[in-house]
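Input: a single structure, listed below in structure tokens.
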Amino acid sequence: MIKISQLEKIYRTEEVETIALNKLNMEVNDGEFVAVMGPSGCGKSTLLNILGLLDDPDAGSFMFNNIEVAHFNERKRADLRKHNIGFVFQSFNLIDELTVFENVELPLIYTGVKSADRKKRVEAVLDKVQIMHRRNHYPQQLSGGQQQRVAVARAVVNNPKLILADEPTGNLDSSNGNEVMQLLTELNEQGTTIVMVTHSEHDARYSHRIIRMLDGQTVTQNILI
Amino acid sequence: MLKNYLLVAWRNLRRNKVFSFINITGLALGLACSLLIMLWVQDEKSMDSFHANGLRLYNIYERQYYDGRIEAGYYTPGKLAEELKRKIPEIERAADIDLDERNTFQVGDKILKEDGNFASEDFFSMFSFPLLQGKAQNALADISSIAISKKMAVQFFGSPEEAFGKTIRYENKKDFKVTAVYNDIPQNSSIKGDFVLNWFQYLEENSWAKEWGNNGPATSIMLRADAKPDAVRNKIRKFLDDYNKEQDKTFHIELGMQLFNQQYLHSDFKNGEIVGGRIEYVKIFSIIAVFIMVIACINFMNLTTARSVKRAKEIGVRKVVGAMRGVLIRQFIGEALLLSFFATVIALIIASLMLPMFNSLTSKQISFPFFNPVFWVEILGLTILTGIVSGSYPALFLSSFNPIRVLKGSMKFSSGATFFRKGLVVFQFVLSVMLIIGTIMISKQVHFIQTTNLGLDRENLVYIPIEGDLSQNFNLFKDEALNIPGVTAVSRMTGSPTEIGSNTGGVDWDGKDPSVRPMFSQASVGYDFAKTVHVKMVQGRDFSKDYGTDSVGYIINEAALRKIGYKDPIGKRLTFWGKKGAIVGVVKDFHFASLRVAIEPLVLRLRDKEEWGTILVKIETAKTKQAMAGLEKLGKELNPKFPFNYQFADENFNKMYRSEQVIDKLSTSFAILAIFISCLGLLGLAMFTAEQRTKEIGIRKVLGASVSGVFGLLSKEFLQLVFIAFVIAAPLAWWAVSKWLQDYTYRTDISWWVFAVAGIAALFIALLTVSFQAIKAAVANPVKSLRTE
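Just so you know, the sequences run in chain order A and B.
Here the first sequence is numbered in my numbering, starting from 8 and rising by one per residue.
Here the second sequence is numbered in my numbering, starting from 281 and rising by one per residue.
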């Protein structure tokens, strides 16, 4: 699904040049669950942003489903993103002004799904993450674990091929964290590819493969299965 | 998708009540004010627009060439209409008109004063004043006919039907037959009044108007439908050459014509050309309306962007889940439209509540055209325009957020965006400071006019019109009045001392250059004129009964003396309208016309037995009540058929400057509003900056900055903006104000303190506005603000 080679990303300010990704190579296959680990500043987040088509690389190649997307413009990236990729963030990033239902519905609106259809699909996914009873609540009325379940629901409602999770348990206690990891595992078992950035060895163990990064490069890979 | 936008917009509104309140209020006030101005402008522009023959109706004006200059105005000889119609085939109809008379009428025991006009036969066939009784062709056909309004018919006879054909007594000297009753004249007509007397009567009362060398009445013409206006214009230009024997190289008069419905807004002449008039005020207020709307829109932009930090996350999420930039732009413009829609609803309510006040201020009877679809289309247009203009920048700005950064919480705004927003605030304050300076200057000029030394004393001077028996009894009245306690002097004149309008070229003196014909203002006065109005004699003496020769004596003013050039004028020859006499006195220059114009040469002659004019009575301040009671008693005694009628000179004088007073009040209100809305915008920027700099302030405080230090840091930045605005606004305002003052020959100075006051006021108000936010930021707990990172 993902094939990255010689990928470079450099951040420049007037005086300092920071190499975030240094000729990085990596591959992710369909249906895989990959964890990316490494110390702060190793380039994990930059990699995730590029994988999520939120940012573009300075050099190198990024094949997504056998399409070269490294030099896609904003519009094409957004189009590809909304049909193929779901995001889960550490800080949930739900819209405070929208209810649980409306938050989850949002991606469907942007992909132009009809209202009746949206209702069915949102309800199905809310059921799946067991938050249906809270559908009319606002994010601030929910616990952290519940909020992250909503965020996961929003990430999968469009049936994306890939879910990118950025420290999804970082703001949760361990029992809520485990619930979310369980949820991701289930999604993976149903066929969704997952790339997850994490600091937690515990969470990483849910994955099939751990990619360890340092200074913008992959250093080792542990295959867990 | 639309539903989702509206939902978010609505919830945003409700969640941030203070913000929404400020934002909608600012916009609503701006809209309400623009709405009122829009109604006023439309009303001004609709003046005289209802005449069915509107595009064929023209007014005639004169251009007088003399003494190296050109004076122009809407005064014409009294038989011009008749002759124009007879001689020029393109002219289908024509009427001489004398406007704004005030006369006394009587039916049975009922005696009333009414305002009205004189006009010739064609009047009702030209203008659309529908008749309820009678026929347009013969409404004013003979010397005993009078047309009256429905209102006057009801007053005297009970109904238009009853009035028709009845007799009504005029000035207690002649009976007229009601030959027509017309519907009351609408508010938007410059011809007003409740009666129209026939033109034969006018000419009989004013035989001077039959002379082609004299002028006074207005003339209106109606062209044939197929006539070419330019051809007519060429034909009438030299029309008077065949009639006026006085036309020569040194003095000649040309005629011009102007569409009738244009006169109301365009009636000022310069060098014989129409240069403007009330249209200037229409323009000024249209500009003010645009200024205020711009200020309100900028406000909206600033407040909305100020909120952007709070909304950054929402935008980031929307982008991540697939929103394109265009979609977001549409969303934010949609929100702006929603807000501007609310604001419009509120503005309509505010404006309709303010309308009665606005009407009394402007002496109008404007009402909301609620049933006019055009009005609603305009409102809708204004709402959409406001929404789009004010939503555009926030939409572009918000939709440009980079989702990675906003979701990671490391929001930094580009210096360009900050610069732009500061620029907006500066722009707002430039407009506000200009309005403040303009307002102060208008007030200063109005004050100047009201307090300036006219060269005569208009305090405690009473005008009583000479009418009815008073025209015979004036001398008796004068003798009796002088016995009333509190009355110190009595005289008389044609016109009034602050409004002498009549002028003539018929003045001759020894050594006059025969090739020029200077114009002199002129008035007839009674004995003791100078004593009564307190004008100073610089040479010679006042007209006095002690000298039997005063009927051939003249008093001139200093300006006239300069024109004539006598070294020692007393006793020297002066011939006025062929009547040879001598100068008996020179009066110090006094203002007998608007302060807009210079003091012209003036000749006063003694006419103690003129049948019309004004009695001038000077009274003592302390005995005003007594004196007025005595005068009223005397008036009723000597002139029983007329209600006692009087006016104080200063009231009369203030009327001349009514439009300045209205402009003064309006511009003050608008300036206050503008500065208020601008401050809302400043508040927005202060909120934004405080939010942006939370972390910086936290660090500074951890490192030991004091509350006052932080307060100074935050306030300084805004005061700088206001200061920059002042520096830009001052020269612009100076330019605009001096241009306005050019209309006045006598005008107040543009003093430095006006600018100082405006600058300090703007700075102070701005400081007050930002201090709340600055204090809030300064006293915040730094631990809290740093933890949010």
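Glycine residues also receive a C-beta, built at the ideal position from the N, C-alpha and C atoms.
Values in this document were obtained by computation on a predicted structure and should not be read as measured data.
What span of residues does the alpha helix (DSSP H) with residue i cover, start to end?
i        : result
Gln802/B : It is not in any alpha helix (DSSP H) - Gln802/B instead sits in the beta strand (DSSP E) that spans 800-805.
Asp944/B : 938-972
Met604/B : From DSSP, Met604/B is part of no alpha helix (DSSP H); its letter is neither H nor E.
Met318/B : 297-325
Met581/B : 559-586
Leu662/B : 653-679
Lys126/A : 122-135
Using three-state DSSP, classify residue i as helix, strand or coil.
i         : result
Tyr544/B  : coil
Glu401/B  : coil
Phe1083/B : Outside the modelled stretch of chain B, which goes from 281 to 1069, sits residue 1083/B, for which no answer is possible.
Val1059/B : helix
Tyr285/B  : helix
Gln819/B  : strand
Glu208/A  : helix
Glu1069/B : Model confidence at Glu1069/B stands at a pLDDT of 37, short of 50, so the residue's coordinates are unreliable and nothing is read from them.
Val76/A   : coil
Arg772/B  : strand
Arg1027/B : coil
Gln527/B  : coil
Phe809/B  : helix
Ser640/B  : helix
Lys430/B  : helix
Asn783/B  : strand
According to the Cβ coordinates, are residue i and residue j closer than 8 Å?
i         : j         : result
Phe549/B  : Gly781/B  : no
Trp892/B  : Ile746/B  : yes
Ala864/B  : Tyr834/B  : Before going further, note that residue 864/B is Val rather than Ala in the sequence given. Taking 8 Å as the Cβ cut-off, Val864/B and Tyr834/B qualify as a contacting pair.
Val897/B  : Val770/B  : yes
Asp790/B  : Arg842/B  : no
Ala375/B  : Phe409/B  : no
Thr894/B  : Tyr743/B  : yes
Glu401/B  : Met502/B  : no
Ser995/B  : Ala1054/B : yes
Thr447/B  : Ser425/B  : no
Ile1004/B : Leu619/B  : no
Asn32/A   : Ser52/A   : no
Going along the chain, which residues of its own chain have a beta-carbon closer than 6 Å to the beta-carbon of residue i, five neighbours each way excluded?
i         : result
Asp210/A  : Thr176, Met188
Thr778/B  : Phe933
Ala1010/B : Phe1035
Ala480/B  : Before going further, note that residue 480/B is Phe rather than Ala in the sequence given. Excluding residues within five positions, the ones whose Cβ falls inside 6 Å are Ile423.
Val832/B  : Gly861
Gly915/B  : Phe924
Ala902/B  : none
Going by DSSP, name the residue or residues bridged to residue i.
i        : result
Asp788/B : Thr855/B
Ala498/B : Ile377/B
Pro745/B : Thr894/B
Tyr834/B : Ile863/B, Arg885/B
Asp455/B : Arg449/B
Asp395/B : Arg382/B
Identify, in the order they occur along the chain, each residue of the same chain with its Cβ nearer than 8 Å to the Cβ of residue i, setting aside the five sequence neighbours on each side.
i        : result
Ser329/B : Asn468, Asn541
Arg517/B : Glu534, Leu535, Gly536
Leu483/B : Gly358, Lys359, Ala489, Lys490
Met139/A : Glu130, Leu133
Where does the unbroken beta strand (DSSP E) through residue i begin, and where does it stop?
i        : result
Glu229/A : Rather than Glu, the amino acid found at residue 229/A in this sequence is Asn. Residues 224-230.
Val877/B : Run containing Val877/B: none; DSSP gives neither H nor E here.
Met33/A  : 24-35
Asn339/B : 337-346
Lys10/A  : 9-19
Ile308/A : Because chain A here runs from 8 to 232, residue 308/A falls outside it and cannot be looked at.
Val796/B : Here Val796/B belongs to no beta strand (DSSP E), and DSSP marks it neither H nor E.
Ala352/B : 349-353
Closer than 7 Å to a non-hydrogen atom of the ligand PLP - does that hold for the CB of residue i?
i        : result
Arg587/B : In the structure shown, the ligand PLP is absent, as is every other ligand, since no ligand is present at all.
Report all residues from its chain with a CB closer than 7 Å to the CB of residue i; omit the five preceding and five following residues, and keep chain order.
i        : result
Met581/B : Ser670, Tyr673, Pro674, Leu704
Ile578/B : Leu704, Phe707, Gln708, Gly961
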